[in-house]
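Using numbering that gives the first Met the number 0, the letters of the sequence shown map in sequence onto residues 0 to 630.
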Amino acid sequence: MREPGFPFSAIVGQDQLRLALVLCAVHPGIGGVLVRGEKGTAKSTVVRALAALLPPTSGGTRARLVELPVGATEDRVVGSLDLEKVLRDGERAFQPGLLAAAHDGVLYVDEVNLLHDHLVDVLLDAAAMGRVHVERDGVSHSHPARFVLVGTMNPEEGELRPQLLDRFGLAVDVAASRDVDVRMQVVRRRLDFEADPAGFAARHADADAATAARIAAARAALPGVALPDRELRRIAALCASFDVDGMRADLVLARTATAHAAWRGAAEVGEEDVRVAAELTLPHRRRRDPFDEPGLDPQQLDDAMRDADEQARQQPEPDPDPDPDGPGGGAPPPGSDGTDAATGERAEPEATDPSGPGPAKERPVGSPSAQFRTRLLTVPGVGEGAPGRRSRSRSPQGRTVRATTEPGRGLHLVGTLFAAAEHQVARGRRDGRMVLAPGDIRGAVKEGREGNLIVFVVDASGSMAARDRLSAVTGAVVSLLRDAYQRRDKVAVITVRGASADLVLPPTSSVDVAVRRLRSLRTGGKSPLAQGFLKAREVVLRERVRDPQRRAMVVTLTDGRATGGTDPVHRARVAAGLLADASVASVVVDCESGMVRLGLAADLARALRGACIRLAELSAEQVAGVVRAAA
Numbered sequence: 000m001r002e003p004g005f006p007f008s009a010i011v012g013q014d015q016l017r018l019a020l021v022l023c024a025v026h027p028g029i030g031g032v033l034v035r036g037e038k039g040t041a042k043s044t045v046v047r048a049l050a051a052l053l054p055p056t057s058g059g060t061r062a063r064l065v066e067l068p069v070g071a072t073e074d075r076v077v078g079s080l081d082l083e084k085v086l087r088d089g090e091r092a093f094q095p096g097l098l099a100a101a102h103d104g105v106l107y108v109d110e111v112n113l114l115h116d117h118l119v120d121v122l123l124d125a126a127a128m129g130r131v132h133v134e135r136d137g138v139s140h141s142h143p144a145r146f147v148l149v150g151t152m153n154p155e156e157g158e159l160r161p162q163l164l165d166r167f168g169l170a171v172d173v174a175a176s177r178d179v180d181v182r183m184q185v186v187r188r189r190l191d192f193e194a195d196p197a198g199f200a201a202r203h204a205d206a207d208a209a210t211a212a213r214i215a216a217a218r219a220a221l222p223g224v225a226l227p228d229r230e231l232r233r234i235a236a237l238c239a240s241f242d243v244d245g246m247r248a249d250l251v252l253a254r255t256a257t258a259h260a261a262w263r264g265a266a267e268v269g270e271e272d273v274r275v276a277a278e279l280t281l282p283h284r285r286r287r288d289p290f291d292e293p294g295l296d297p298q299q300l301d302d303a304m305r306d307a308d309e310q311a312r313q314q315p316e317p318d319p320d321p322d323p324d325g326p327g328g329g330a331p332p333p334g335s336d337g338t339d340a341a342t343g344e345r346a347e348p349e350a351t352d353p354s355g356p357g358p359a360k361e362r363p364v365g366s367p368s369a370q371f372r373t374r375l376l377t378v379p380g381v382g383e384g385a386p387g388r389r390s391r392s393r394s395p396q397g398r399t400v401r402a403t404t405e406p407g408r409g410l411h412l413v414g415t416l417f418a419a420a421e422h423q424v425a426r427g428r429r430d431g432r433m434v435l436a437p438g439d440i441r442g443a444v445k446e447g448r449e450g451n452l453i454v455f456v457v458d459a460s461g462s463m464a465a466r467d468r469l470s471a472v473t474g475a476v477v478s479l480l481r482d483a484y485q486r487r488d489k490v491a492v493i494t495v496r497g498a499s500a501d502l503v504l505p506p507t508s509s510v511d512v513a514v515r516r517l518r519s520l521r522t523g524g525k526s527p528l529a530q531g532f533l534k535a536r537e538v539v540l541r542e543r544v545r546d547p548q549r550r551a552m553v554v555t556l557t558d559g560r561a562t563g564g565t566d567p568v569h570r571a572r573v574a575a576g577l578l579a580d581a582s583v584a585s586v587v588v589d590c591e592s593g594m595v596r597l598g599l600a601a602d603l604a605r606a607l608r609g610a611c612i613r614l615a616e617l618s619a620e621q622v623a624g625v626v627r628a629a630a
């Protein structure tokens, strides 16, 4: 007999998460829930508890919880050709994947931010459409796949890109309560459950049964819930006021509001349903840049709701057959296109600061300028395929380059047929089907793109502390970090100042954390560059053990003026040579300025066996060429 899981009704706190999961259970077309939060916040516990409350499947069996591992392949997710039937019976048959197994249940993806982007797209498409279409290996297959998709992630381990965030219907940020009484209750219930799982579940069985019955009733009532035009207008006005891209937010918000109305037993959607839906659908869609803070200001939502009400009161009833030359048709009113209503001349917009309304202000330290828009940094050679979009690699994704006899690489159909063809006479084939054997199977070697470990060594000594130079340096690093975010790299930041080199950010995929650390950078003192290179070498070697498929690159920003200790310049060159001996690609960004230039940064680049470029020349083309040349 299976041991009972932790009851849904016994979970303390996390009310918004529980509501989001329930709404997706009522209306799976919402498109799933992304749960963002620190470790130890019961994310997995809540998801597993929900599966026990779902109505039985269309076949009458209990709804399943299907967990998708981070290392899953596309074949395992969507299904593939059944090779056993092909070889045994000569029949082309489809072998269903995890999406089919999750039908009418819950598909749970832990650490979804570490999953390959194309697999996330597949999951989100299936969750939104409720069906999977497979066209591959000569097989055409379609099957229903209606499930509650739940992805969990720890933001410190890396963010999803904005375009993938938008594909999740709802998003919830969870955190441990700071209330002592709540924390005591969480611990007490967990200890009680561990001491007697069956008894603990029995004490909460009635509450769970009531929740399950309410979900089933809301599902049945959902088709009859009305969405009045006034609330649809409110939804459109909210999405417009928060400047979300596309129309997906409007559709998801409407579906969520309808599901919430059904959940509370209402016949039509009301203002409270729209507000709850907005709190779940809009926060993650407002994030266009990896360094934007997620979330939704309650006051801003209140203002937007009030503005939507005002617009609704002022809006006349729509004409079912509007005259294109009447009100609302023809030419726009004067001034609506940015021209002066009196003169007809277009007014120049006032420059604004991206950090907020009002006239443009001085750019803060760490803000990237336009000259630092990097386009590509690549590590030479071919890697082993750490997930990402930067350097060349062998990986399960990408274009097929050749066939192989190595197992676990999918099917190379042409290679398999060629391998079998030379044995047909020996196997007695005269006509009809080809005679295949297990030894004929060939896998596909694919070449794609990988992510890398980018270690930034930032000289924060007194010689680098001039405001203009520091602003340029931090701006360049922020721009490079944005590029690292887009290409799914890990990053680490080492600062060199005073008497030591400090690892201010260990290797992580969360580049927004790197930006926050960088913008609080302290400067001054001497420049122990030798310690910086030794620290970088230590980080790279340690990460090779933890993540052997991820190749590293060190980007050093310095004026090359090593100071501190005995013979600091020589020691810096020796340390640079040790880093080069570890086969690490390197780039030195020369931050030296002024009339007299000593060329020390170029000397360090030679010791690193890398390349050197001046900070003022750090353009997309320059960086791409420099890093490709680094060995």
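Where a beta carbon is used, it is the ideal one built from N, C-alpha and C, also for glycine.
For L123, the enclosing alpha helix (DSSP H) has its first and last residue at 116-128. For M152, the enclosing beta strand (DSSP E) starts and ends at 147-152. Per DSSP, reduced to three states, the secondary structure at G427 is coil, with no helix or strand assignment. As summarised for the segment 486-574, the continuous beta strand (DSSP E) elements at least 3 residues long and confined to that stretch are 489-496, 499-507, 551-557, given in chain order. For A248, the enclosing alpha helix (DSSP H) begins and ends at 247-262.
Less than 7 Å divides the Cβ of V273 from the Cβ of E230. In the three-state scheme derived from DSSP, where H, G and I count as helix and E and B as strand, K445 is classed as strand.
A Cβ-Cβ separation of about 5 Å places A385 in contact with G450 under the 8 Å criterion. Minimum Cα-Cα distance from K534 among the listed residues P506, S519, G150, V25 corresponds to P506. Here P143 is bridged, per DSSP, to R130. Following the DSSP letters along the chain, one finds F93 inside the beta strand (DSSP E) bounded by residues 93-95. The three-state secondary structure of E405, taken from DSSP, is coil.
Of G531, I234, I453, the smallest CA-CA separation from A575 is found for G531. M246 sits exposed, since fewer than 16 C-beta atoms from the chains shown fall within 10 Å of its C-beta. Secondary structure at G474: helix, using DSSP grouped into helix, strand and coil.
Residue pairing by DSSP places F455 opposite V492, V554 in a beta bridge. Excluding the 5 residues flanking it on each side, A48 has same chain C-beta neighbours closer than 7 Å at G4, F5, P6, F7, I10, in chain order. Taken through DSSP and simplified to helix, strand or coil, C611 comes out as strand. For the 7 Å CB-CB criterion, S592 and G524 do not form a contact. About 6 Å separates the beta carbon of V539 from that of A581, a gap short enough to meet the 8 Å contact definition. In this structure R543 does not touch L577 by the C-beta definition: roughly 15 Å separates them, more than the 8 Å allowed. The beta carbon of G431 lies closer than 6 Å to none in the same chain, with the five residues before and after it left out. Cα atoms of H569 and T562: separation of roughly 10 Å, rounded to the nearest angstrom.
V400 sits exposed, since fewer than 16 C-beta atoms from the chains shown fall within 10 Å of its C-beta. Check the Cα spacing between S585 and each of L281, L452, G59: the tightest is with L452. A distance below 7 Å separates the beta carbons of V149 and V32. When secondary structure is reduced to three states using DSSP, L597 falls in the coil class, being assigned neither helix nor strand. Cβ-Cβ distances below 7 Å link K42 to V34, G36, T151, V173 in the same chain, with the five nearest sequence neighbours on each side left out; the list follows chain order.
Within the same chain, Cβ atoms closer than 6 Å to the Cβ of Q184 are found at V11, the five residues on either side in sequence being excluded. Residues of the same chain with a CB within less than 6 Å of the CB of A220, apart from the 5 flanking positions on each side, are A261 in chain order. Within the segment 13-80, the complete beta strand (DSSP E) runs of at least 3 residues fall at 32-36, 64-66, 78-80. Secondary structure of A170 (DSSP, three-state): strand.
T415 places its beta carbon less than 7 Å from that of D439. Contact check for L22 against T210 fails: the beta carbons are separated by 7 Å or more. Distance from the CA atom of D566 to the CA atom of V503, rounded to whole angstroms, is 26 Å. The beta carbon of L114 sits closer than 7 Å to those of V69, V108, all from its chain and outside the five residues before and after it, given in chain order.
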